[in-house]
Amino acid sequence: MSVVGIIAEYNPLHCGHEYHIKNARNLTGAEACVCVLSSNFVQRGEPGLVSKWARTKMALLSGADLVVELPSVFSCGSAEYFSAGAISILESLGFIDYLCFGSEKGEIEPLETAAQHLAFENEFFKEILRAGLQDGLSFAASRQNALKATLENDKNTIDIINKPNNILAVEYIKAIKRMGSKIKPLTIKRKGQGYNETAHHIDKHDFSSATSIRHYIEKMDDTSLCQHDSYILNSIPKPCIDVLCEEFRSGRGPVFLNSFGNTVLHLFRTMNINSISQLSYMENGLENRMKDAAFESATVEEFVNKVVTKRYPASRVKRIIICALTGLTNDFLESLKSNGYAQYIRILGFNETGRRILSDNKKKVSLPIITKPASFSKMESNLASQLFQHEIRSTAAYVLGYPDKNLRYGNVELTTSPIRVI
18 MSVVGIIAEY
28 NPLHCGHEYH
38 IKNARNLTGA
48 EACVCVLSSN
58 FVQRGEPGLV
68 SKWARTKMAL
78 LSGADLVVEL
88 PSVFSCGSAE
98 YFSAGAISIL
108 ESLGFIDYLC
118 FGSEKGEIEP
128 LETAAQHLAF
138 ENEFFKEILR
148 AGLQDGLSFA
158 ASRQNALKAT
168 LENDKNTIDI
178 INKPNNILAV
188 EYIKAIKRMG
198 SKIKPLTIKR
208 KGQGYNETAH
218 HIDKHDFSSA
228 TSIRHYIEKM
238 DDTSLCQHDS
248 YILNSIPKPC
258 IDVLCEEFRS
268 GRGPVFLNSF
278 GNTVLHLFRT
288 MNINSISQLS
298 YMENGLENRM
308 KDAAFESATV
318 EEFVNKVVTK
328 RYPASRVKRI
338 IICALTGLTN
348 DFLESLKSNG
358 YAQYIRILGF
368 NETGRRILSD
378 NKKKVSLPII
388 TKPASFSKME
398 SNLASQLFQH
408 EIRSTAAYVL
418 GYPDKNLRYG
428 NVELTTSPIR
438 VI
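Okay, structure coming up:
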């Protein structure tokens, strides 16, 4: 049985995602689809609109057969960590034939070219990268400049490397190359709004971006009525709207970064400078800037804006905030990188096809499989156990953002079973 892999956040799952799943299967002829899904905190340094279990159900209702977790250590990481973590999971499963992702260009060749240069950086590339950092540019901007300088005669590749989906696509391919994986990467041209577009007045036959949908929901007076909202009905598949509205009505969403406002400000006001400096994605001197900003701000939004500079973009600042919420240090992240990133396969949900492919291919899986959360304590690897303990902390922090205060218990991670869709 051929299997296609998809890496996603589904924050939330919209009609463009449904289109992608369908076309990934058609393009590859795959008989099954495995989704590596972001945990409760996502790549731009924000909480998921709804929990990973709700988004898992959306994925299964939209064409995925098996959903496995991308731990929050990676799901809330930079593009490099996000991609390497996800690819290491797909590779460890041992039965994934294809990886299909969306991109602005929809052409695999220039993405492959860019990935080759990033996977095996030459001295010229490294020199330009260092120069950018010394000039005060962010790492991402410095690396873009280095890649452009390396590819000065390849305008087609240069033109695509500054688009959000293309950047992730290049990182996926880079990770595949570095790991020596035989998974075949394929891309589908992204349709509809761009990744960061927020307009709400698009044609009903077009696809809204997840960013646009989140912004719209954040401004709604009563999110429990989203089942009757024309914009939502045009943007999200009906089964997924039902899941969203059930979460909203139950008080488990929507969750936004502002939901953690007091907690975030308290953390950075009370943590000592040394503890802040040890968080992932920190840089020498940034800890003082964040400490000062916490005392000078009344909201998370104000806090982020006071820290952001040309060198420290908002996404990086927000990732550091999530690291503080979940207790993620740079040393731990580096230890995961040194040991192949993924340490286990966490099953979030499946249908009958997903159950069957996992059962039939268990001997091919090279990492421990966690189906029952409480069983993590039986894992032989100390690093794997530490990674799952971080996931417990992440979910315990995430639920503090639930609108219903009566649902903010800290044991949700250990008491929630995989989602099964028949």
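In our numbering, each number is its position in the sequence shown, counted from 1, plus 17.
Here a beta-carbon is modelled for each residue, glycine too, at the ideal position from N, C-alpha and C.
Extent of the continuous alpha helix (DSSP H) to which residue i belongs
i, result
"residue 243", "Run containing residue 243: none; DSSP gives neither H nor E here."
"residue 86", "Per DSSP, residue 86 belongs to no alpha helix (DSSP H); it is in the beta strand (DSSP E), 83-87."
"residue 367", "Run containing residue 367: none in the alpha helix (DSSP H); it sits in the beta strand (DSSP E), 362-367."
"residue 99", "96-110"
"residue 233", "227-236"
"residue 425", "First-last for residue 425: undefined, no H or E at that position."
"residue 247", "247-252"
"residue 75", "69-78"
"residue 283", "278-287"
Option in the options with minimal Cα separation from residue i
i, options, result
"residue 295", "122, 177 and 350", "350"
"residue 41", "115, 437, 303 and 271", "115"
"residue 431", "411, 419 and 246", "411"
"residue 413", "26, 24, 34 and 426", "426"
"residue 253", "395, 139, 231 and 438", "231"
"residue 76", "27, 124, 359 and 46", "27"
"residue 101", "44, 207 and 191", "191"
"residue 241", "153, 262 and 321", "262"
"residue 278", "64, 199, 329 and 51", "64"
"residue 162", "383, 32 and 148", "148"
"residue 178", "145, 189, 128 and 201", "128"
"residue 103", "400, 419, 423 and 361", "361"
"residue 439", "368, 379, 399 and 377", "368"
"residue 345", "297, 25 and 202", "297"
"residue 43", "21, 30, 326 and 52", "21"
"residue 130", "189, 408, 422 and 314", "189"
"residue 321", "343, 195, 281 and 348", "281"
"residue 247", "260, 37 and 225", "225"
"residue 124", "73, 183, 159 and 328", "183"
"residue 384", "390, 393, 406 and 359", "359"
"residue 347", "95, 376 and 150", "95"
"residue 363", "271, 144, 304 and 391", "391"
"residue 106", "393, 51 and 139", "51"
"residue 85", "387, 404, 395 and 250", "387"
Inter-residue CB distance, residue i and residue j (contact presumed, cutoff 8 Å)
i, j, result
"residue 97", "residue 180", "Not really, about 17 Å apart at Cβ, beyond 8 Å."
"residue 274", "residue 335", "7 Å"
"residue 118", "residue 93", "Wrong, their Cβ atoms sit about 19 Å apart, outside the cutoff."
"residue 83", "residue 374", "6 Å"
"residue 353", "residue 435", "Rounded, the Cβ-Cβ distance is 23 Å, inconsistent with contact."
"residue 54", "residue 382", "That belief does not hold up - the Cβ atoms of residue 54 and residue 382 are roughly 17 Å apart, past 8 Å."
"residue 332", "residue 62", "5 Å"
"residue 88", "residue 68", "About 15 Å; that fails the 8 Å criterion."
"residue 31", "residue 227", "6 Å"
"residue 99", "residue 60", "5 Å"
"residue 420", "residue 257", "Rounded, the Cβ-Cβ distance is 20 Å, inconsistent with contact."
Residues bridged to residue i [DSSP beta-bridge criterion]
i, result
"residue 55", "87"
"residue 296", "346"
"residue 64", "58"
"residue 25", "54"
"residue 386", "362"
"residue 49", "20"
"residue 436", "366"
Bounding residues of the beta strand (DSSP E) (the contiguous stretch that carries residue i)
i, result
"residue 271", "Here residue 271 belongs to no beta strand (DSSP E), and DSSP marks it neither H nor E."
"residue 206", "201-206"
Chain C within 8 Å of residue i, Cβ atoms only
i, result
"residue 94", "Protein chains in the displayed structure number just one, and chain C is not present."
**Report entry** Contiguous alpha helix (DSSP H) assignments of at least 4 residues, all confined to the segment 391-418
**Finding:** 399-415
Query - Continuous beta strand (DSSP E) assignments of at least 3 residues falling wholly in the segment 113-194 - result: 115-120
Query raised in the report: Considering only residues of the segment 313-342, which uninterrupted alpha helix (DSSP H) runs meet the minimum length of 4 residues and lie entirely inside it, listed in chain order?
Result: 317-324
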